[in-house]
Every structure is written in C-alpha cells, then in structure tokens.
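Student: In the numbering used here, the protein residues as written are 154 to 335. Positions of the beta carbon are idealized from the N, C-alpha and C atoms, including for glycine. Keep in mind that this is a model prediction, so the values were computed, not measured. Below is one structure. I have some questions about it.
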C-alpha cells in the first residue's frame, strides 16, 4: 500500500484553483477534489506497518494552524524540463513544526523519509512537453495569486493507487489538531 500524510483543501480553494486549471497544453490537471498539501510521503508499506503508522500519527499533539497559499511555480526550478506546476504554501513555523512532528513519529516506527528539503506546495498539474512560452505566460498571469488564509484543523493518512489517468487517493485515517492551542 502506497501511503502519504496530507492536509485537504476546503471547497473554496478547490473551486478557486479549479477555475485557473485550464489553457495550458501538456498539463494534466489535478482534479480539484484531490488538491492537498503533502506533509510527508511514506511510500509502499504492508498492512501491519500501516497500522503501526496510524498509531504513531495518533500520538501527535499539535495546534490547529493556518496556511497561506500564494503564487505559482514549477519543479524543477532550473535545469531539466518542468514536470510539476504548483501553488506555493508559505513555510510558517506552525506548519514546519507539524511537519517535524510527523517526521519524528514516522521515523520512530522505522519509516524512511525523503531526504530532499521540504517545499510545501499544492500540485496543480503534471507537465509533459508544455510549451515554454505558454507555461511562462501562465505563471506570469497567476504569479500574483493570493488566497484567503486556509484554516487547518486536521490532517489525514492517505493510501494512493496509481493508474493511467493519475492517482486515486483514499482516506485511511484522520487526525484532529487542537483548536485550543492555536
């Protein structure tokens, strides 16, 4: 089972980002209902390990927080052809603290974590041979994007099944954040 930990986006964000998800050849847009902020990608695990991960994540105590979504960009930032179009997420101390707590919980049960630096973002589209001129125009048009603060009161453990039309995500467990600590 392929797992990741993420924060869902509210319907208002799904609708707003769904409105800009067009007009770029070579883009395979993420369905608005699947837009999420990945906190940690876990990868393939068996059922027993998934239960261990669920228990470890259940011990996390963290305050609710807010996300600031702004601007658009691509990965990789330089060098190779871009393969991911994203909306940026501000690296607030509260978000980074939650990211660290989840990392600690996952490491404590033997998960191997990605080594690359955490770059919080929402993937808008996967790119394949997107014309550079059109991509630059899209980024220029949407770079000023700034959405209202997004309250985060929970995170979820997801399983993911890859298919020819993209990934399908399934909620395995939900974890509430503490409103009183905000």
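Beta carbon of residue 324, beta carbon of residue 255: below 7 Å?
Tutor: no
Student: According to the Cβ coordinates, are residue 205 and residue 262 closer than 7 Å?
Tutor: Cβ distance < 7 Å, so residue 205 and residue 262 count as in contact.
Student: Whole angstroms is fine: what's the gap from residue 334's alpha carbon to residue 253's?
Tutor: Bear in mind that the predicted position of residue 334 carries a pLDDT of just 49, short of 50, making it unreliable; the figure below should be weighed with that in mind. Residue 334 and residue 253: Cα-Cα distance of roughly 17 Å.
Student: Do you know offhand how far residue 188's Cα is from residue 194's?
Tutor: Cα to Cα, the separation comes out at about 15 Å.
Student: Is residue 270 near residue 179, with beta carbons less than 7 Å apart?
Tutor: no
Student: Run through the DSSP bridge pairs and tell me what residue 255 is partnered with.
Tutor: For residue 255, no pairing in a beta bridge is given by DSSP.
Student: So for residue 166, helix, strand or coil by DSSP?
Tutor: helix
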